[in-house]
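Numbering that gives the first Met the number 0 puts the first residue of the sequence shown at 0, with every later residue one more than the last.
In this text, a Cβ means the ideal position worked out from N, Cα and C, and glycines have one as well.
No experiment lies behind these values; they were computed from the predicted model shown.
Heads up, the thing below is written out as structure tokens.
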Amino acid sequence: MADMAFSGPEPDLQDLLAARPQLQMHAQDGLCLEGVPLNAIADKYGTPVWVYGAGTMRARFAALRDAFAAERVPMHIHYAVKANDHLAILNLFREQGAGADVVSIGEFLRTTKAGIAAKNIVYSGVGKSEAELEAALAAGIGQINAESAEEVEMISAIAARLGVVANIALRMNPDVDAGTHAKITTGLAENKFGIAAEDIPALYARAASLPGVRVVGIAMHIGSQILSTEPYRLAYEKAAEMVRALRAAGQSVEVMDIGGGLGIGYQDEPGLNPAAFAAMVRQVTSGLDVRLMMEPGRYLTGPAGILLASVILRKQAGKRFLVLDAAMNELMRPAMYEAWHGILPVDASAFHASPSPADVVGPICESADIFAKDRALPDLRPGARMALLDAGAYGAVMSSAYNARPRPAAVLVDQGGFELITKRQEIPALWDGEIVPGA
Ligand code: LLP
């Protein structure tokens, strides 16, 4: 299984900047996101702070949509809410015409709160509780991707009780190696996800006979941070074969949900190319006559986000450590997946100074609290600001308050300005809801 960190040579600071059109280095203002100086944001809201670029998210949505339009493939994009579930971001994708893919009733309610209609929401996930299914069905959810025979029965029973009919797709496990990190691969037979291909035809027929469900098609999601179209091609060919076999057996198949997983360039490995992806989808599905849907998360939000931090202190202990005010509780990806994130100094003078290796770490009492090892960085003094790049997906959503660290603020950059979209959590809010018996 591939490691999360790309094996190529590490890009230097200039390379990181050059590969990211959303970032600019200004001689006076320092590093900017979409033309807005990160220093201005840190001055106003402090650090650590999440910063998201609305223009970048819109541009990436448009790039994906246009890639399919160029292939004349009608594609319904359902943003995978789990990548970044902020209401402002859900609202932005709603404005672009996206539907959503959710995995819990919490995500479902956030998404409808942001104005995305229930009928444009797909509910995925390997374990949806009775209460969650009931709430989603009562609210008129558009589609549920079922992951087991047991779940199909459960959905039918709940829907029948509510007097509604649930649109369901069966999530097929194609048994394909997505070539990504073991912790984010989902399409292998050994993974907990989906239904084995050989079990689909019988379950499809069973579902078609149940009162509470209307089985509309096949769904699939083979993993995340996938950089090649090949595993997708293999998986989608299997899905297309299944669609034909089901129809040959007299079933009606209207929908094919091809999931998400499109990888981005963290270490300047080329991200999955939308044009190549769309062309492959056209080839594999041509003549199939299905309604195509997809569920991208990271591709849309990853590159748009920055975790902006400050150096607390420099520690020289054999090697150089830069201790930041951000930590693994905010951005968990390096600790959890050995993920590589670009790190840029915010000040132009530091950006141009000569680098030497440093470990960039957080202040948490865990050896895993490391953002980067032996990273070539200039001499950065306490107070110097640093931008952890590509943190817009699976960043804030995976954070915790470990070590009683309150949640950072978040800021949305748009059209040359910036606005607070999450207030920094006050420390007393950390024990809100806690009860001391007898007190
Ligand atoms: N659809 C389903 C059913 C999924 O499980 C996922 C992600 C997606 C869509 C969206 O995948 P994306 O396009 O974002 O790759 N925390 C990990 C990633 C976990 C992905 C889980 N499922 C990380 O930080 O790399």
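Distance cut-off 8 Å: N439 Cβ against heavy atoms of the ligand LLP: It is not possible to answer for residue 439, since the shown part of the chain is limited to 0 through 438.
Just list the residues that DSSP pairs A195 with in beta bridges. In the DSSP output, where bridge partners are listed per residue, A195 has N172.
Kindly indicate which residue of C364, M153, G260, R109 has the alpha-carbon position closest to the one of G186. Ranked by how close their Cα comes to the Cα of G186, the residues C364, M153, G260, R109 have G260 in first place.
Cβ of K81 within 8 Å of any heavy atom in the ligand LLP? With a cutoff of 8 Å, K81 counts as near the ligand LLP, since its C-beta is closer than that to a heavy atom of the ligand.
Could you tell me which of K43, A117, A58, L245 sits nearest to P20, measuring between CA atoms? Answer by Cα proximity: A58.
For S399 and R406, what's the separation of their Cα atoms in angstroms? Cα to Cα, the separation comes out at about 8 Å.
On the CB-based measure, 16 or more other CB atoms within 10 Å of its CB, does R384 come out buried or exposed? Classification of R384: buried, given that the 10 Å Cβ count is 16 or more.
A218 - partner residues in DSSP beta bridges: According to DSSP, A218 bridges with R170, D256.
Buried/exposed call for L307, threshold 16 Cβ in 10 Å: Residue environment analysis places L307 among the buried positions, since at least 16 neighbouring C-beta atoms fall within 10 angstroms of its C-beta.
Own chain, CB closer than 7 Å to A234, minus 5 neighbours either side, in chain order: Cβ neighbours of A234 beyond the five flanking positions: P173, V175, G186, M219, I221.
Kindly indicate which residue of M293, S251, I199, V214 has the alpha-carbon position closest to the one of K237. Checked all of M293, S251, I199, V214; the closest Cα to K237 is I199.
Measure how close the beta-carbons of G296 and A62 come, nearest whole angstrom, since I'm counting them as under 8 Å. Not a contact, Cβ separation roughly 15 Å.
Three-state secondary structure assigned by DSSP to Q315: The DSSP-derived three-state label of Q315 is strand.
Decide if the region 73-81 is in contact with the region 283-296; the criterion is three or more beta carbon pairs, one per stretch, under 8 Å apart. Cβ pair count under 8 Å is three or more, so yes.
With a threshold of 8 Å (Cβ to nearest heavy atom), would Y393 be considered close to the ligand LLP? Correct: Y393 has its Cβ closer than 8 Å to the ligand LLP.
Residue span of the alpha helix (DSSP H) that contains Q282, given as start and end: Element bounds for Q282: 273-284.
Indicate whether the contact test is met: 3 or more Cβ pairs, each with one atom in the region 243-256 and one in the region 146-153, closer than 8 Å. Segments in contact, no.
Selection from Q266, Q414, V410, E433 that minimises the alpha carbon distance to E46: The question names Glu, but residue 46 in the sequence shown is Thr. The residue with the shortest Cα to Cα distance from T46 is V410.
Fully enclosed by the region 48-75, which alpha helix (DSSP H) runs are 4 residues long or longer? With a minimum length of 4 residues, the continuous alpha helix (DSSP H) runs that stay inside the region 48-75 are 53-69.
Simplified DSSP state of M241, which is helix, strand or coil: The answer is helix: DSSP assigns M241 an H, G or I state.
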